[in-house]
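Novice: Converting from the sequence shown to the numbering used here requires adding 625 to each position, the first position being numbered 1. Glycine is no exception: its CB is placed at the ideal position from the N, C-alpha and C atoms. Quantities reported herein were computed from a predicted structural model and do not represent experimental measurements.
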Amino acid sequence: MAEDQLHPWTGQFRDLGNDDQLAVARLVKEGGAVIGSLEAIVARLRRTQRLALLRIARRGRIVGVAALKTPAQAYRTKTFTAAGIAAGLFGDAAELGYVVVAADMRGKQLSGGLVEAIAKDLPGATYATTDNTTMRNALQRAGFARLGTEWRGQKGDLTLWTIDPRDRPARDALSDDDRAAVAASRPPVVASGFNHELRET
Ligand SMILES: CC(C)(COP(=O)(O)OP(=O)(O)OC[C@H]1O[C@@H](n2cnc3c(N)ncnc32)[C@H](O)[C@@H]1OP(=O)(O)O)[C@@H](O)C(=O)NCCC(=O)NCCS
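1) Could you tell me whether any non-hydrogen atom of ligand 1 is closer than 7 Å to the CB of Thr759?
2) Decide if Arg669 is buried, meaning its Cβ has at least 16 other Cβ atoms within 10 Å, or exposed.
3) Starting from Lys694, trace the beta strand (DSSP E) in both directions and tell me its first and last residue.
4) Report yes if the C-beta distance between Gly689 and Leu641 is below 8 Å; otherwise report no.
5) Where do the N-terminal and C-terminal ends of the beta strand (DSSP E) with Ala727 fall, by residue?
6) Starting from Asp716, trace the beta strand (DSSP E) in both directions and tell me its first and last residue.
7) Could you compute how far the alpha carbon of Lys625 sits from the alpha carbon of Gly709?
8) Are Ile573 and Phe769 close, meaning C-beta to C-beta below 8 Å?
9) Near Arg672, what residues of its chain come up, given a Cβ to Cβ distance below 8 Å and the 5 sequence neighbours on each side ignored?
10) Just checking, does the region 700-719 make contact with the region 758-775 on the three C-beta pairs under 8 Å criterion?
11) Would you call Thr758 buried or exposed, if buried means 16 or more other Cβ atoms sit within 10 Å of its Cβ?
12) DSSP has Ile743 in a bridge; who is on the other side?
13) Below 8 Å CB to CB, which residues in the same chain sit around Pro790 once its five sequence neighbours on both sides are set aside?
14) Tell me whether Ala699 is buried or exposed, calling it buried when 16 or more other Cβ atoms sit within 10 Å of its Cβ.
15) So the beta strand (DSSP E) Ile681 belongs to, where does it begin and stop?
16) Taking all protein chains shown into account, do 16 or more other C-beta atoms lie within 10 angstroms of the C-beta of Ile660, making it buried, or fewer, making it exposed?
17) Looking only at its own chain, which residues have a Cβ that is under 6 Å from the Cβ of Thr635, when we skip the five neighbours before and after it?
18) Using only the alpha-carbon positions, how far apart do Thr755 and Arg683 sit?
19) Out of Arg731, Met760, Ala665 and Asp629, which has the shortest C-alpha to C-alpha gap to Leu721?
In structure tokens, the structure reads:
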């Protein structure tokens, strides 16, 4: 039935009506990656560059979201440092995040399309972090390459993934000297609680 069809949408958060903006914020909150009030999450979503959404029926309920974010410099630096990578190499990188499928819609292979919808039209180098195996696989399918070492997050071991829209995996852009410098500057194990800060941004 047409009502059951899923309609993908990509665009900017500000192009959504108020009800849709709140629905997206609720979904992001349900995903658990951001702790805070709906108003605070709406404020974060306003700062995103682009969203990919999935709706049931053309104007129906929003059941999936992924976002392209502009992370704060300090947050990005912490993330790359945690993975043992010199953050300067990715100074302006955007972040793919807020990937959530509504609880009652999970297991229908919807997450890959959401990641792909963001990844297929990137303005520049982009990264993502995750402790979730399904997300790792989705990022890999979308062309992201894993970079650096795992670090301990609140819920599990986090990994860093990057992509270069010029189709050159960021990992290959490192010279031998860069790799040696990265290895030499690898930080000690990150204390628990660090990930909370990372997830807050
Ligand atoms: C993580 C999350 C988005 C995954 O969505 P899901 O509905 O549970 O999982 P899916 O049905 O999309 O995936 C099921 C399988 O199909 C695969 N799949 C999904 N889309 C696919 C596609 N387009 N092509 C091929 N395979 C696909 C997935 O890789 C997965 O297999 P895997 O676990 O072996 O990798 C969802 O569980 C969620 O919202 N969790 C809470 C929020 C969260 O943790 N987000 C991630 C933050 S980093």
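Specialist: In terms of the structure at hand:
1) yes
2) buried
3) Ile687 to Lys694
4) no
5) Here Ala727 belongs to no beta strand (DSSP E), and DSSP marks it neither H nor E.
6) Before going on, a small fix: residue 716 reads as Gly here, not Asp. Neither: Gly716 is in no beta strand (DSSP E) and is coded neither H nor E.
7) Because the chain here runs from 626 to 826, residue 625 falls outside it and cannot be looked at.
8) Because the chain here runs from 626 to 826, residue 573 falls outside it and cannot be looked at.
9) Lys694 and Thr695
10) yes
11) exposed
12) The partner list for Ile743 (beta bridge, DSSP) is empty, contrary to what the question assumes.
13) Leu747, Pro748, Gly749, Ala750 and Thr751
14) exposed
15) Arg675 to Ile681
16) exposed
17) Ala677 and Ala742
18) 31 Å
19) Met760
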